[in-house]
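First residue of the sequence shown: 1326, per our numbering; consecutive thereafter.
Report on one structure; see the data block that follows.
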Amino acid sequence: MLKVDVYKTEEEQVEALKKWWHENGKSIIAGVVIGIIGIFGWRAFDDHIIVQAEQASVIYEKMIVASRTNDEENVLVYANRIITDYKSSTYAIFASLMLAKIAAEAAELEQAEIHLRWILENNSQVEFEHIARLRLTRILIASNKLKLANEMLDINDFGDFNARYNELRGDIHVKQGESDKAIKAYEKSLANTKGSGDAQSILQMKLDNLGRS
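Next up, the structure:
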């Protein structure tokens, strides 16, 4: 069974975003609501938004608990409920990332692609866009959809993920039999990879496999 891995640094980024949103999400929503009320006096809007956020948060917590206990059936139930009932919430993005990961680990690459494309189409936050784009590119490479994978890398701003994008560019070149281009891409990625650990080790291994030490 094919398993599409995600790198630890990227997982840490997602976990950091989850933690930050869990700690600050409700206060941000409340702040926006207060601003709107101050201008328009929409008390009903205030109540609706806060209730929606709280409801989505409760279901999200249930999804996380189910994930930690390897209860995949309920993970799928809660994740799909969040996406259906709270589509515009940040929790829907986290739920879609969870569904994409489960699908990828089960080698259901087309399903993973659907979940990640949903994020790109329904998300307006830069950090989530990069994470979804990187994961989708890996799925496309694993599916041998190299033209589509290349298109995913055709963006102007790589944010803090320049190293990851270069690595994926190298992976595409390897699939296309373009070793020299792959080496250059991996070397760029290695030069931009901060710190040490798994990410650097994986890049060095890829370079070694191409005969570049």
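By construction, the Cβ of each residue, glycine as well, lies at the ideal position given by its N, Cα and C atoms.
**Request:** Kindly list the residues whose CB is nearer than 8 Å to the CB of H1440, restricted to its own chain and excluding five residues on each side of it in sequence; keep chain order.
**Result:** S1421, L1422, L1424, A1425 and A1428
**Prompt:** Would I1384 pass as a contact of I1407 if the rule is Cβ separation under 8 Å?
**Reply:** yes
**Message:** If the criterion is Cβ atoms closer than 8 Å, does the pair K1500 and N1447 meet it?
**Reply:** no
**Request:** Leaving out five residues on either side along the sequence, give the residues of the same chain with a beta carbon under 6 Å from the beta carbon of H1455.
**Result:** G1484 and F1486
**Request:** Look at the Cβ atom of V1400, then the Cβ atom of M1388, and state whether they are nearer than 8 Å.
**Result:** yes
**Asked** Would you call N1469 buried or exposed, if buried means 16 or more other Cβ atoms sit within 10 Å of its Cβ?
**Response** exposed
**Asked** What number of angstroms, rounded off, separates the C-alpha of S1526 from the C-alpha of Q1380?
**Response** 42 Å
**Item:** Opening and closing residue of the alpha helix (DSSP H) in which L1493 lies
**Value:** N1487 to K1500
**Prompt:** By Cβ distance below 7 Å, which residues in the same chain neighbour L1473 in space, the five residues on each side in sequence not counted?
**Reply:** L1465
**Message:** Closest to I1444 by C-alpha separation, out of E1430, E1433 and S1414, would be which residue?
**Reply:** S1414
**Request:** Tell me whether L1422 sits in a helix, a strand or coil according to DSSP, three-state version.
**Result:** helix
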